[in-house]
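Visitor: Numbering (the working numbering), first residue to last: 8 to 610.
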Amino acid sequence: MAIHIPEDKLSEIRNTANILDVISERVVLKRAGKDHVGLCPFHSEKTPSFTVSSTKQIFHCFGCGAGGDVFSFLMKYDGISFSEAAQSLARRYGIDLPDRNMSPAQAKAVSLRQQLFDLNREVMGYYTRQLMDPAAGKQARAYLADRGFSPEMIARFSLGFAPDGWDHLVRFFRQQRVSLSLAEQTGLVVPRKSDGFYDRFRNRVIFPIIDMSQQVIGFGGRVMDDSRPKYLNSPETPVYNKSRSLYGAPAARTRARETGAVYIVEGYFDLMALHQHDISNAVATLGTALTADHVQMLKRGFAQKAYLVFDSDEAGLKAAKRSVSLFLNAAMDAAVIVLPKGYDPDSFVFEFGQAAFMEATENALPMIAFLVESAIKSNGLSMEGKLRIISELQEPLMEIQDRLARSIYIQYLAERLGVRESAIRDKLKSIKTASRAPASASASVFDREAGVFPGQTDAPAASMPSEMIRVERQIVSMMLNVPEILPEVEKRNILAYFSDERLCDIARAVLSAPVYGEKDRDRLFNRFESQAHKDMIASLLIRDECRSLDQCELLLCQFINGIEKRENTLLCQIQSAQEKNDDTLLFELLRKKQEQSEGRLRK
Ligand SMILES: [Zn+2]
């Protein structure tokens, strides 16, 4: 809930909250020197690389690069917004966030949301009692038992039953003296054309939908025979947003974090069936397609890898095609599990058991590979078929920002089709030149593992040596720890030579507001919205690079020398190309030279 928190309250929270308290309530930490270390909650590891510095009030993981201040930790760990993290810290430290700071409209919205949460909870209780009622719930209990669900599962998911009839819930609200115009906003009762209200859910098994903060946000209902629609969900309300909610999320998180993986299924029963077979790291979409918000939520708070589980039909393929770019753009690993024809996750685990499902998980294909195989299946491997396959896959392949990953998939496609890799690359290049401008904007993130810039596919890796990036990192870290060097950095126009944009952004921010203490550090974090920048700042701050001014100046000299050497090499190459009359190479080198000087002018 995005409420406005005044700046003075934020700084009170910042001054009171201790990152060590907050993290040790969630992660087991051991003292190591003046810091604390533990197993990273954001990636799976066996030796601790997750470090918390209480002197600097920041955390950083040397394994996966996650980092930030106490706010970013809670946002990432609990998958919540900045203002929710602030509210949670305020509660934790007994800091009052007075209502009068909210505008009347905001206060009204907050109170409406709370009323709807409360009503939904009462309704959940009502439906549960109906299911347990010896007479009223008899048929529904028999239905659930017949589908194989144990009483534990029914209790774990607080299943309920909406009795057959038009006004059971309407009467319940009246008994409770709840105004029906308020009840209408839960979406559970619907106004009649003439007068009065009727129940939305009738003669259905009810699944309460619970969010990460354990609030009941909506309901799903399923018929017990062949009537239509099979599933019915609450409409969107002030507390229920389908594109941000996933069924089963609170129950899935712990296991998802332990295993580093989360299953995405389509139905309520699919999810419960997995739970009953001890596979609790699963969430279900609620009658909508997967959204970018869903993927962000899973990646931030759950796991690095998602398995999409589909029935083997056409609909599953379509869903995979639609969601491939969501995962690629969020840089989240995704694989597709295809079940044998005629099975869904529910019927599959009940018939073949947990081990078979785990085996299917092991055989899951990475998303792109799945798309390749499906394209081969539907187009065949005739010459025309191959052409169709390549053009079908152009788009998903071009959406892969990571150069190494893309290269692996192109290789895979080439092998499967029996064509040369270079032919596929040429084909992709022709599209890329056409759509180059928009693609390069999002491709500035430096890929640490591969040591390459995913966006700069045309420049040979040698012109962006990772050694230079390493020195750029050292320089920014030095600028953070030894502010006395800043005038020198400015005088020598060092940032103009930077090749890593993220480092350059951070360095610029430090130049304009030097970091002397904790307050300045907080301010620096807050200047950046992107988590990638925050991660980078924490990784630069966590290591004290105690250097003398002399050492700092030496580092700057080294950096400048490196640049000059690179430029001289380029000049030599140009000269030699001229001598050999190699016009193509010469043109290429001149273009590179020009890019370098233009880059400097831009900065
Ligand atoms: Zn980590």
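Note that beta-carbon positions come from the ideal geometry of N, C-alpha and C, so glycine has one too.
Using a Cβ-based criterion (distance less than 8 angstroms to any ligand heavy atom), does F309 qualify as near ligand 3?
Guide: Ligand 3 is not part of this structure, which contains only ligand 1.
Visitor: Would you mind giving the Cβ-Cβ distance between A342 and L372, rounded to the nearest angstrom? I have them listed as a contact below 8 angstroms.
Guide: About 6 angstroms separates the two Cβ atoms, so the contact holds.
Visitor: Excluding five sequence neighbours on each side, which residues of the same chain lie with their C-beta closer than 8 angstroms to the C-beta of Y100?
Guide: Result list for Y100: I20, T23, A24, in chain order.
Visitor: Got a sec: does ligand 1 put a non-hydrogen atom nearer than 8 angstroms to the Cβ of E369?
Guide: Not under cutoff, so the answer is no.
Visitor: Starting from the Cα of E508, find the closest Cα among P55, T266, H540 and give me that residue.
Guide: Cα-wise, what sits closest to E508 is H540.
Visitor: I need the straight-line Cα distance from L596 to I87, nearest angstrom please.
Guide: Rounded to the nearest angstrom, the two C-alpha atoms are 49 angstroms apart.
Visitor: Taking only heavy atoms of ligand 1 into account, decide whether any of them is closer than 8 angstroms to the Cβ of F317.
Guide: No; taking the cut-off as 8 angstroms, the Cβ of F317 has no heavy atom of ligand 1 nearer than that.
Visitor: Between A299 and ligand 1, is there a pair consisting of the residue's CB and a ligand heavy atom that are separated by less than 8 angstroms?
Guide: Answer for A299: no, Cβ out of range of ligand 1.
Visitor: Please name the residue, chosen from E91, A363, F179, that lies closest to Y133 on a Cα-to-Cα basis.
Guide: Closest by alpha carbon: F179.
Visitor: Give a single yes or no on whether E265 has its beta carbon closer than 8 angstroms to a heavy atom of ligand 1.
Guide: No - ligand 1 has no heavy atom lying nearer than 8 angstroms to the Cβ of E265.
Visitor: In the structure shown, what three-state DSSP assignment does F3 receive?
Guide: This structure gives no information on residue 3, because the portion of the chain shown stretches from 8 to 610.
Visitor: The alpha helix (DSSP H) with G569 in it runs from where to where?
Guide: It spans 556 to 586 - the alpha helix (DSSP H) in which G569 sits, taken as one unbroken run.
Visitor: Would S51 pass as a contact of I26 if the rule is Cβ separation under 9 angstroms?
Guide: Result no, Cβ atoms of S51 and I26 do not sit closer than 9 angstroms.
Visitor: Measuring straight from C-alpha to C-alpha, what distance separates L17 and A93?
Guide: Distance between the alpha carbons of L17 and A93 is about 7 angstroms.
Visitor: Classify K249 as helix, strand or coil using the three-state DSSP reduction.
Guide: K249 falls in the helix class under three-state DSSP.
Visitor: Which runs of the alpha helix (DSSP H) spanning at least 4 residues fall entirely within the segment 90 to 151, listed in chain order?
Guide: Entirely contained in the segment 90 to 151, the alpha helix (DSSP H) runs reaching 4 residues are, in chain order, 111 to 139.
Visitor: By how many angstroms is the C-alpha of A430 removed from the C-alpha of K436?
Guide: Rounded to the nearest angstrom, the two C-alpha atoms are 10 angstroms apart.
Visitor: Have a look at E32 and L253 and give me their C-alpha separation to the nearest angstrom.
Guide: Going from the Cα of E32 to the Cα of L253 covers about 26 angstroms.
Visitor: Please state the DSSP three-state secondary structure of R609.
Guide: Reliability of the predicted coordinates at R609 is poor, the pLDDT of 49 falling under 50, and the value obtained from them is presented with this limitation in mind. Three-state result, R609: helix.
Visitor: Could you tell me how far apart the beta carbons of D76 and F532 are, in whole angstroms, since I believe they sit closer than 8 angstroms?
Guide: That pair is a contact at about 5 angstroms.
Visitor: Going by other Cβ atoms of all chains shown within 10 Å of its Cβ, with 16 needed for buried, is E91 buried or exposed?
Guide: Counting Cβ neighbours within 10 Å, E91 comes out buried, since at least 16 surround it.
Visitor: Mind the definition here: the segment 386 to 396 touches the segment 336 to 352 only if three or more C-beta pairs lie below 8 angstroms; say whether that holds.
Guide: The segment 386 to 396 vs the segment 336 to 352: no contact.
Visitor: Under 6 angstroms Cβ to Cβ from H284, same chain only, skipping five residues before and after it: list those, please.
Guide: V356, Q361.
Visitor: Would you say the beta carbon of H50 comes nearer than 8 angstroms to a heavy atom of ligand 1?
Guide: For ligand 1, at least one heavy atom lies less than 8 angstroms from the Cβ of H50.
Visitor: For ligand 1, is there any heavy atom lying closer than 8 angstroms to the beta carbon of G75?
Guide: G75 Cβ: outside cutoff for every heavy atom of ligand 1.
Visitor: By the three-class DSSP mapping on this structure, what secondary structure does F532 have?
Guide: It is helical.
Visitor: Check the DSSP bridge columns for I217 and list the partner residues they point to.
Guide: In the DSSP output, where bridge partners are listed per residue, I217 has V223.
Visitor: Can you give me the C-alpha to C-alpha distance between F226 and F214, rounded to a whole angstrom?
Guide: In a straight line, the C-alpha of F226 is about 6 angstroms away from that of F214.
Visitor: Taking its Cβ as the centre, do 16 or more other Cβ atoms sit within 10 Å of F594, making it buried, or is it exposed?
Guide: With fewer than 16 Cβ atoms within 10 Å of its Cβ, F594 is classed as exposed.
Visitor: Can you have a look at Q183 and say buried or exposed, based on whether 16 or more other CB atoms are within 10 angstroms of its CB?
Guide: Under this definition Q183 is an exposed residue.
Visitor: Going by the C-beta, is F80 closer than 8 angstroms to any heavy atom of ligand 1?
Guide: No, since every heavy atom of ligand 1 falls outside the 8 angstroms radius drawn around the Cβ of F80.
Visitor: Out of I102, N386, M231, M405, which has the shortest C-alpha to C-alpha gap to I375?
Guide: Of I102, N386, M231, M405, the residue nearest in Cα terms is M405.
Visitor: Return the CA-CA distance between K230 and A327, expressed in angstroms with no decimal places.
Guide: The displayed chain sequence assigns Val, not Lys, to residue 230. Rounded to whole angstroms, V230 to A327 spans 28 angstroms at the Cα level.
Visitor: Quick check: the Cα distance between E571 and A268, rounded to an integer number of angstroms?
Guide: Rounded to whole angstroms, E571 to A268 spans 47 angstroms at the Cα level.
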